[in-house]
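First residue of the sequence shown: 186, per our numbering; consecutive thereafter.
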Amino acid sequence: MTVTVDGVECEYEISRSEGDTETVLFLHGWGGDLRSFAGAYSAVCGLGVSCINFAFPKRVPAEWGVYEYAVCVQDFLNMLGISEPIVVGHSFGGRIAIILASQGLCKKIMLVDSAGLKPKLNIRKKLRIAAYHRRVKRGKSLDGFGSMDYNNLEPEMRKVFVRIVNTHLDKLLPYVRCKTLIFWGKSDRDTPLYMAKRLHRNIVQSDLVVVDGGHYSYLDADCMFLLKLKNLITE
């Protein structure tokens, strides 16, 4: 199904359960779609809870950043009459989960290899950032310079992506008061393990689960992921 929210088209699928039940909202990572969490969505639907698998819009206004995406998700939930869902967010979806939870809008959250924290910069990264700014200042092409996610985007969406990557959510963590499960691949190179530990230190009601796997730990350790997710929902 598709719906227009805040002027952008969003795709989603929903499974409603009768009675007063929990609602579990799945938010995929950057560049993902409804297939990203398809397996988990199907498994959780069998628990007798309402489920929503939400796909972020592929095109948004050039001035958007991560907070506009968060507003879009909240407005989408309001349209469906849903409040305080359990939010499962992978990577970029984790950014949105952190923002919503910091505003008291979630009952529980599960952060899966979540993005959003300020990274540690070694010399190599600092030099690359300096080279990037020199290219921008001189008006040179940035094609092939950034990450794969960046290079796969149209020029207008690249502005959005850069704005999102440069928005750090560390200051919001003390305001996340809901039950939080942090699920992480110990070999994750995109969002390294030190980020999971920082989340755990700064979110009061959080538990950390580290598994063998990389940035897509929910696929690398799918059985453990589903077990922990089901426990989070039912406890």
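Using N, Cα and C, we set each Cβ at its ideal position, and we do this for glycine too.
Here's a check: name, in chain order, each residue in its chain whose Cβ is nearer than 7 angstroms to the Cβ of residue i, leaving out the five neighbours to either side.
i, result
"Met342", "Arg244"
"Leu290", "Gln259 and Glu269"
"Ala406", "Val396, Asp397 and Gly398"
"Cys230", "Ser200 and Cys236"
"Asp355", "Leu302 and Lys303"
"Tyr254", "Phe241 and Ile281"
"His385", "Ile367, Ser391 and Leu393"
"Glu228", "Note that residue 228 is Ala in the sequence shown here, rather than Glu. Excluding residues within five positions, the ones whose Cβ falls inside 7 angstroms are Leu411."
"Ser202", "Gly233, Val234 and Ser235"
Quick check on residue i: does DSSP put it in helix, strand or coil?
i, result
"Cys460", "A question about residue 460 goes unanswered here, because the residues of the chain that appear run from 186 up to 420."
"Ser299", "coil"
"Tyr401", "coil"
"His385", "helix"
"Lys243", "coil"
"Ser391", "strand"
"Gly274", "strand"
"Ile294", "strand"
"Leu366", "strand"
"Ile349", "helix"
"Val258", "helix"
"Val229", "helix"
"Ala406", "coil"
"Ile267", "coil"
"Gly289", "coil"
"Thr419", "helix"
"Asp355", "helix"
"Pro128", "Missing from the structure shown is residue 128; the chain here goes from 186 to 420 and no further."
"Lys305", "coil"
"Leu312", "Caution is warranted here: a pLDDT of 46 is assigned to Leu312, below 50, making its placement in the model unreliable, and no coordinate value can be reported."
"Leu178", "Any answer about residue 178 is impossible in this case: the structure gives the chain only from 186 up to 420."
"Leu219", "coil"
Assuming residue i contacts residue j under a Cβ cut-off of 8 angstroms, what Cβ separation, rounded to an integer in Å, is found between them?
i, j, result
"Leu219", "Glu198", "6 angstroms"
"Cys195", "Phe277", "Cys195 to Phe277, Cβ: 14 angstroms. No contact."
"Ser299", "Ile283", "7 angstroms"
"Thr376", "His400", "6 angstroms"
"Ile271", "Val209", "5 angstroms"
"Gly250", "Ile388", "Actually they do not touch by this definition, with Cβ atoms about 22 angstroms apart."
"Lys415", "Lys364", "The Cβ separation is near 14 angstroms, so there is no contact."
"Glu207", "Val188", "With a Cβ gap of about 22 angstroms, Glu207 and Val188 do not count as contacting."
"Val297", "Ser391", "Actually they are not in contact, since the Cβ atoms of Val297 and Ser391 sit about 13 angstroms apart, beyond 8 angstroms."
Take residue i and list the residues in its own chain whose beta-carbon comes closer than 6 angstroms to its own, dropping the five residues that flank it on each side.
i, result
"Arg374", "none"
"Leu312", "Here Leu312 scores only 46 on pLDDT, less than 50, and its place in the model is too uncertain to base an answer on."
"Cys257", "Val190 and Asp191"
Given residue i, which residues of its chain have a CB within under 8 angstroms of its CB, disregarding the five upstream and five downstream residues?
i, result
"Thr394", "Checking the sequence, you will find Val at residue 394 rather than Thr. So the list reads Leu366, Ile367, Phe368, Trp369, Met409 and Lys413, once near-sequence residues are dropped."
"Asn238", "Tyr197, Glu198, Ile199, Phe211, Leu219, Phe222, Ala223 and Tyr226"
"Met186", "Glu196, Tyr197, Glu198 and Ile199"
"Ser372", "Asp397, Gly398 and Gly399"
"Tyr252", "Ile284 and Thr352"
So who's on the other strand from residue i, going by DSSP bridges?
i, result
"Phe211", "Asn238 and Val273"
"Ile284", "Answer is none; Ile284 lacks a bridge partner."
"Thr187", "Glu196"
"Val251", "According to DSSP, which records beta bridges pairwise, Val251 is partnered with nothing at all."
"Val396", "Gly370"
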